[in-house]
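*Asks:* The numbering of the sequence shown is UniProt numbering, which starts it at 28 and goes up by one.
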Amino acid sequence: TSVRSYAAVDLGASSGRVMVGRVGTDSLELTEAHRFVNRPVRVPEGLRWDVLSLYAGVLDGLRAAGAHSGGRLDSVGIDSWAVDYGLLDADGALLGNPVHYRDARTEGVAEKVWANVPAAELYAATGLQYAPFNTLYQLTAARDAGQLAHAERLLLIPDLLAYWLTGEQGTELTNASTTQLIDPRTGEWSYGLAARLGIDLGLFAPLRQPGDPAGTIRPEVLEETGLTGPVPVTAVGSHDTASAVAAVPATGERFAYICTGTWSLAGLELDAPVLTEESRAANFTNELGLDGTVRYLRNIMGLWLLQECVRAWGDPDLGELLRDAAAVPALRSVVDAGDAAFLAPGRMPERIAEACRASGQPVPRTPGEITRCILDSLALAHRRAIEEAQRLADQPVDVVHIVGGGTRNALLCQLTADACGLPVVAGPTEAAALGNVLVQARAHGLVGDRADLRRLLARTQPLTRYEPQGGTGRWREAQSRLTAR
Ligand code: ADP
Ligand code: LRH
28 TSVRSYAAVD
38 LGASSGRVMV
48 GRVGTDSLEL
58 TEAHRFVNRP
68 VRVPEGLRWD
78 VLSLYAGVLD
88 GLRAAGAHSG
98 GRLDSVGIDS
108 WAVDYGLLDA
118 DGALLGNPVH
128 YRDARTEGVA
138 EKVWANVPAA
148 ELYAATGLQY
158 APFNTLYQLT
168 AARDAGQLAH
178 AERLLLIPDL
188 LAYWLTGEQG
198 TELTNASTTQ
208 LIDPRTGEWS
218 YGLAARLGID
228 LGLFAPLRQP
238 GDPAGTIRPE
248 VLEETGLTGP
258 VPVTAVGSHD
268 TASAVAAVPA
278 TGERFAYICT
288 GTWSLAGLEL
298 DAPVLTEESR
308 AANFTNELGL
318 DGTVRYLRNI
328 MGLWLLQECV
338 RAWGDPDLGE
348 LLRDAAAVPA
358 LRSVVDAGDA
368 AFLAPGRMPE
378 RIAEACRASG
388 QPVPRTPGEI
398 TRCILDSLAL
408 AHRRAIEEAQ
418 RLADQPVDVV
428 HIVGGGTRNA
438 LLCQLTADAC
448 GLPVVAGPTE
458 AAALGNVLVQ
468 ARAHGLVGDR
478 ADLRRLLART
488 QPLTRYEPQG
498 GTGRWREAQS
508 RLTAR
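Quick look at the structure:
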């Protein structure tokens, strides 16, 4: 039987990696070829992605991936965090560094957009939860600041990197669904909405579906990376969360998922969007997944809260910190981990302490106490999102799958099982890369439908099961401290 080698470029907000997936008809193996930090840079005009250093990381990664596979790769796929983009001029040259979604430029922009198209109408048309960083708001801010004057093309981050590798431009659909300019019922651009908001959809390259060919690596890049051509690039679920959800190793249909990393994305896979007013009020989003599925989920601040504290504390050992946190009594204080007040960088330990004080709870002081407060708060937010998603979509579940970097945090997984009152199956850790690899393999006919793909993962990937303990009463009580205010 033939085994093929696929490279998955997966860029998270905290690190980028290039993984090699070796896929046979009944086998799947993933190895890390290269990992590099993703360090945003604050310049006087604001917070920016260092996209050239990320591209250099991708090239280093492809070189390493080739070295793992005798210089030959059957295809390359790229996924990254959502919503952000680069602008190109008429010659195809990048106009400035892509703006980071945590940059403050979108403050007050949503209100201006809603004056044209009310928030309720916007939700009914696009199904996207309100987040200040949705591409629509970023693009409105850029336009109003005159920054689109020389822009001929807008490429979302994975599409920009694919363009640099191949010379070809496209807009992959799952990530396009995070722009707030796509109709989730049709998977097409919302032309009417864009016209009313004065957004020029001509800036976007034609849509691509996951599995579509996305060009061939340029000869100069082959030379630079030591790869033997031709190497095709395949469109995958280029939104990292779409790739991660594709790699949830569920064996049945009654499952919820939490993609944990810098963010926690908690919700369900649905056949159709939920566009009700109740769903909007609960701030659930309808992003698009593979094969016309909908990723019905809520954004929770995620391990960003811990990353920022760890940065403030001068990078102590994570393992030790988590051991200290495990020794702190449970649920002493919790914060609302869904609160956009935690979006911006800086002063995180202080902001968490302030939130506890403001809600009349004991103020955590030591790093161990603050870490415990973060993990309890994340588990509580996971519980709330999964409970509300089931109710709003009328789709009950029996199990919660956790994928992504957070699967390495056993305390968080156990707390999530306890809070949800459901078993948690944790793994795989590199879900986005696996989903990326499997969509490439599927495009080449190596795996079948979504369920086959999930069965292959369940058979081949190490998974850890956590049973719920202690009843959910104390979690309900903790929630009431936040909602009673
Ligand atoms: P992203 O893709 O958003 O950059 P990841 O999925 O790589 O994020 O997850 C990163 C997070 O995983 C870190 O913030 C950290 O909290 C957690 N993590 C990574 N390694 C470990 C570890 N050894 N133990 C516990 N948690 C870990
Ligand atoms: C996670 C993620 C998430 C988006 C955010 C901007 O990496 O893609 O799904 O909401 O980044």
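Beta carbons are placed, not taken as given, at the ideal position from N, Cα and C, and that holds for glycine.
Compute the minimum distance between the beta carbon of G264 and the heavy atoms of the ligand ADP, and state whether it is under 7 Å.
*Replies:* Result no, Cβ not under 7 Å from the ligand ADP.
*Asks:* Which runs of the alpha helix (DSSP H) at least 4 residues long sit entirely within the stretch 374 to 444? Give them in chain order.
*Replies:* Listed in chain order, they are 375 to 385 and 394 to 420.
*Asks:* Can we count Y128 as close to the ligand LRH, meaning its CB is less than 7 Å from some heavy atom?
*Replies:* The answer is yes for Y128.
*Asks:* From T487 to P389, what does the alpha carbon distance come to, in whole angstroms?
*Replies:* Those two C-alpha atoms are separated by around 45 Å.
*Asks:* Any heavy atom of the ligand LRH closer than 7 Å to the beta-carbon of G39?
*Replies:* Flag set: Cβ of G39 near the ligand LRH.
*Asks:* Give every residue of the same chain whose Cβ lies closer than 7 Å to the Cβ of A382, excluding the five residues on either side of it in the sequence, and list them in chain order.
*Replies:* Once the five neighbours on either side are set aside, the close Cβ partners of A382 are V362.
*Asks:* According to the Cβ coordinates, are A412 and I327 closer than 8 Å?
*Replies:* Cβ atoms of A412 and I327: closer than 8 Å.
*Asks:* Taking only the alpha-carbon atoms, compute the straight-line gap between P257 and V248 and give it to the nearest angstrom.
*Replies:* In a straight line, the C-alpha of P257 is about 11 Å away from that of V248.
*Asks:* Kindly list the residues whose CB is nearer than 7 Å to the CB of residue 23, restricted to its own chain and excluding five residues on each side of it in sequence; keep chain order.
*Replies:* The chain is shown from 28 up to 512; residue 23 falls before or after that span and cannot be answered.
*Asks:* In angstroms, rounded to a whole number, what distance separates the CA positions of D342 and L370?
*Replies:* Near 20 Å, if we compare the C-alpha coordinates of L370 and D342.
*Asks:* Given a threshold of 16 other Cβ atoms within 10 Å of its Cβ, counted over all protein chains shown, does P356 qualify as buried or as exposed?
*Replies:* Exposed.
*Asks:* Helix, strand or coil: how does DSSP classify N463 here?
*Replies:* Three-state result, N463: helix.
*Asks:* Entirely within the stretch 306 to 364 and at least 3 residues each: give me those beta strand (DSSP E) ranges in chain order.
*Replies:* Here the runs fully enclosed are 312 to 315 and 321 to 327.
*Asks:* Since I believe A109 is in contact with N202 (beta carbons under 8 Å), could you give me their beta-carbon distance rounded to a whole number of angstroms?
*Replies:* Yes, they are in contact, since the Cβ atoms of N202 and A109 sit about 6 Å apart, within 8 Å.
*Asks:* What does the alpha-carbon distance come out to for the pair R399 and A262?
*Replies:* Each residue's Cα considered, the two are about 40 Å apart.
*Asks:* What residues match up with L295 in a beta bridge as DSSP calls it?
*Replies:* According to DSSP, which records beta bridges pairwise, L295 is partnered with Y323.
*Asks:* For the ligand LRH, any of its heavy atoms closer than 7 Å to the Cβ of V110?
*Replies:* Checking every heavy atom of the ligand LRH against the Cβ of V110, one is found closer than 7 Å.
*Asks:* Just to confirm the assignment: which complete beta strand (DSSP E) runs, minimum length 3, are found wholly within the stretch 86 to 146?
*Replies:* Within the stretch 86 to 146, the complete beta strand (DSSP E) runs of at least 3 residues are 102 to 107 and 112 to 115.
*Asks:* Does the beta-carbon of N161, which I'm using as the reference point, lie nearer than 7 Å to any heavy atom of the ligand ADP?
*Replies:* Every heavy atom of the ligand ADP is 7 Å or more from the Cβ of N161, so no.
*Asks:* The ligand FMN and T58: does the residue's C-beta get closer than 7 Å to at least one heavy atom of that ligand?
*Replies:* Within the structure as shown, the ligand FMN is missing, the only ligands being the ligand ADP and the ligand LRH.
*Asks:* If the criterion is Cβ atoms closer than 8 Å, does the pair A444 and P489 meet it?
*Replies:* In this structure, P489 does not lie closer than 8 Å to A444 by Cβ.
*Asks:* For P233, count neighbouring C-beta atoms within 10 Å of its own C-beta (all shown protein chains included) and say buried if the count is 16 or more, exposed if not.
*Replies:* Per the 10 Å Cβ criterion, exposed.
*Asks:* Let's see if you can read the secondary structure: which residues bound the beta strand (DSSP E) around I285?
*Replies:* I285 -> beta strand (DSSP E) spans F282 to T287.
*Asks:* When you compare the CB positions of R93 and V36, do they come within less than 8 Å of one another, or not?
*Replies:* One point to set straight first is that residue 93 is Gly, not Arg, in the sequence displayed. Their beta carbons are not under 8 Å apart, which means G93 does not touch V36 by this criterion.
*Asks:* What residue range does the beta strand (DSSP E) around A60 cover?
*Replies:* Taken as a continuous stretch (DSSP letters only), the beta strand (DSSP E) holding A60 covers S54 to V64.
*Asks:* Using 8 Å as the threshold, is the stretch 214 to 230 in touch with the stretch 141 to 153, meaning 3 or more CB pairs across them?
*Replies:* With a cut-off of 8 Å, the stretch 141 to 153 and the stretch 214 to 230 count as touching, because enough Cβ pairs lie within range.
*Asks:* For the ligand ADP, I want to know if T289 counts as a neighbour, meaning its beta carbon is within less than 7 Å of at least one of the ligand's heavy atoms.
*Replies:* Correct: T289 has its Cβ closer than 7 Å to the ligand ADP.
*Asks:* By DSSP, does T206 sit in helix, in strand, or in coil?
*Replies:* Three-state DSSP puts T206 in coil, outside helix and strand.
*Asks:* Are the stretch 182 to 199 and the stretch 329 to 342 touching by the rule of at least three beta carbon pairs closer than 8 Å?
*Replies:* These segments do not touch.
*Asks:* Heavy atom of the ligand ADP less than 7 Å from the Cβ of S107, yes or no?
*Replies:* No, the beta carbon of S107 sits no closer than 7 Å to any heavy atom of the ligand ADP.
*Asks:* How far does the beta strand (DSSP E) with T491 in it extend, from its first residue to its last?
*Replies:* Segment T491 to Y493, the beta strand (DSSP E) holding T491.
*Asks:* Exposed or buried, what is E396 when buried is set at 16 or more other beta-carbons lying within 10 Å of its beta-carbon?
*Replies:* By the 10 Å Cβ count, E396 comes out buried.
*Asks:* Please confirm whether H409 and P276 have their CB atoms less than 8 Å apart.
*Replies:* Not a contact, by the Cβ cut-off of 8 Å.
*Asks:* Alpha carbon to alpha carbon, what distance is there between P211 and T303?
*Replies:* Using only the alpha carbons, I get a separation of about 13 Å.
*Asks:* Tell whether a beta-carbon distance below 8 Å holds between A468 and V50.
*Replies:* It is a contact, given that the beta carbons lie within the stated cut-off.
*Asks:* Compute the beta-carbon to beta-carbon distance between L57 and M46, rounded to the nearest angstrom, for a pair I have assumed lies under 8 Å.
*Replies:* Confirmed, Cβ separation roughly 5 Å.
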